[in-house]
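All residue numbers for the sequence shown refer to this note's numbering, where the first residue is 1382 and numbers rise by one.
Backbone N, C-alpha and C fix where the C-beta goes; we use that ideal spot for every residue, glycine too.
In what follows, a structure is listed as structure tokens, so that the remarks can point back to it.
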Amino acid sequence: MHERFMRRALDLATLGRGLVSPNPMVGCVIVHESEGGTRIIGEGWHQRYGDWHAEVNAVRSVQPEDAYLLPESTVYVTLEPCSHWGKTPPCANLLIDKQVKQVVCCNDDPNPLVSGQGFDRLRAAGVTVETGVLNELGRQLNARFFTFFEQQRPYLILKWAETADGFISGPAGQSIAISGPLAQRLVHRWRSEEDGIMVGTTTARIDNPRLNVRHWPGRNPTRIVIDKLLQLPASLHLFDNTQPTLVYNFQKTEISDQITYQQLRSEKPFLSQLLADLHARRIQSVFVEGGSLLLTSLLDAGFWDELRVFRSPKLVGDGVKAPTVRGTIQSREQIGDDELTIYRNNIRQ
Ligand code: AOF
Ligand code: ZN
């Protein structure tokens, strides 16, 4: 019974996809059980960043003639009700005011503003609390949010396209078209889904990418580039001031229009500092588009959550070798002429 209603709450949560970030997607179902039968009397979800939380929308959806049933009802909510005064008052207080009987949750809230305090408050007020129902599904749904708080770094998606003989660029690093037009469209969609998009120095110089969203409707992510000695030419598309751009380097911290130069210390591990800085800037997810040095460094350090690899039927014969894939296969499908495989990092799961 619990799982059935939690599935419905998770479904409702997904309606907030793309609209609530950096908040989690949250859904809520209010169920009244009696000898006469079981009935959903309210439903809601977090619809937009800064707006009401799922519980508020669910309570408000209860018809006036059903309001008297709330004290005998169970609230299914995919995340621990919040205990803090944020953009809205605490949801735990609302549920206590409405005197609901029981609260069943999918996940505990990792946000230190809440983390356990929502449950404590409910229990102290005499509400029965149960958590962990369909826990894994909820963690997958909000993987970016959980990774951000638990690992203190953004969720990292690494992407590359390789030839059938295992290369990601031609001889001497020369840039070549590997995946087809359908794959390219999908990559633009993926770009629109993350807070940040990152490349290393060589890719920035040789490919001169724009790293914006052109072949799909959606918002542009913040561009992130590594340029330790600030040697990349100002003429690159990355520096055209059309989009917020972060440049990690050893030389200076400075803001110039849309470009933010952030100095890191040369004596400390570079990637750890970079990820900590992105965390401080509240960037919850980063899509990494190359090149091979950056991808391999992230993989070797364990700083990755998903790999998305296109394999094209083309052959190039010689060039820069693709990184070695790892993790477990989550899915495999054909995108035009290319085969797309998505791998997950199973170390922490
Ligand atoms: C809930 N129900 O539907 C959501 C919750 O900035 P605020 O005030 O909207 O608070 C955001 C935090 O509240 C977010 O980081 C997470 O901890 C929690 N989100 N909590 O009870 C909801 N979206
Ligand atoms: Zn809340």
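Classification of residue i by the beta-carbon crowding that lies within 10 angstroms, buried from 16 upward
i	result
residue 1634	exposed
residue 1571	buried
residue 1433	buried
residue 1637	exposed
residue 1548	buried
residue 1705	exposed
residue 1596	exposed
residue 1699	exposed
residue 1435	buried
residue 1533	exposed
residue 1441	exposed
residue 1727	exposed
Nearest-angstrom Cα separation, counted from residue j out to residue i
i	j	result
residue 1608	residue 1558	25 Å
residue 1600	residue 1390	27 Å
residue 1578	residue 1716	22 Å
residue 1693	residue 1494	46 Å
residue 1430	residue 1406	10 Å
residue 1611	residue 1650	18 Å
residue 1763	residue 1413	The structure shown does not extend to residue 1763, since the chain is modelled only from 1382 through 1730, so no value can be given for it.
residue 1503	residue 1443	21 Å
residue 1605	residue 1568	17 Å
residue 1719	residue 1448	55 Å
residue 1531	residue 1588	34 Å
residue 1686	residue 1656	13 Å
residue 1528	residue 1479	33 Å
residue 1659	residue 1641	12 Å
residue 1562	residue 1708	27 Å
residue 1682	residue 1418	54 Å
Element boundaries [alpha helix (DSSP H), containing residue i]
i	result
residue 1653	1651-1661
residue 1498	1498-1505
residue 1670	Counting along the chain, residue 1670 falls outside any alpha helix (DSSP H), and DSSP gives it neither H nor E.
residue 1384	1383-1395
Coarse secondary structure for residue i, derived from DSSP in three states
i	result
residue 1714	strand
residue 1637	strand
residue 1630	strand
residue 1433	coil
residue 1686	coil
residue 1678	helix
residue 1460	strand
residue 1665	coil
residue 1415	strand
residue 1720	strand
residue 1547	coil
residue 1423	strand
residue 1488	strand
residue 1440	helix
residue 1520	helix
residue 1577	strand
Limits of the beta strand (DSSP E) - the one that residue i falls within
i	result
residue 1573	Segment 1562-1574 is the alpha helix (DSSP H) holding residue 1573; no beta strand (DSSP E) there.
residue 1584	Premise fails: residue 1584 lies in the alpha helix (DSSP H), 1582-1588, not in any beta strand (DSSP E).
residue 1524	Premise fails: residue 1524 lies in the alpha helix (DSSP H), 1524-1532, not in any beta strand (DSSP E).
residue 1542	1536-1543
residue 1478	Note, residue 1478: premise wrong, no beta strand (DSSP E); alpha helix (DSSP H) at 1472-1478.
residue 1623	Run containing residue 1623: none; DSSP gives neither H nor E here.
residue 1606	1603-1607
residue 1511	1509-1511
Do the region 1509-1517 and the region 1463-1475 touch if we need at least three Cβ pairs shorter than 8 Å?
Because the criterion of three Cβ pairs below 8 Å is not met, the region 1509-1517 and the region 1463-1475 do not touch.
Does the pairing of the region 1670-1678 with the region 1527-1543 give three or more beta-carbon distances under 8 Å?
Yes, they touch.
Segment contact, 8 Å Cβ cut-off, at least three pairs: the region 1450-1463 with the region 1382-1396
Judged by Cβ distances under 8 Å, the region 1450-1463 makes contact with the region 1382-1396, as three or more pairs qualify.
So, does the region 1419-1428 touch the region 1476-1486, judging by three or more C-beta pairs under 8 Å?
Using a Cβ-Cβ distance cut-off of 8 Å, the region 1419-1428 and the region 1476-1486 are not in contact, since fewer than three pairs of beta carbons, one from each stretch, lie closer than that value.
So, does the region 1550-1568 touch the region 1675-1686, judging by three or more C-beta pairs under 8 Å?
For the pair of segments examined, the region 1550-1568 was found not to touch the region 1675-1686: the number of CB pairs separated by less than 8 Å stays below three.
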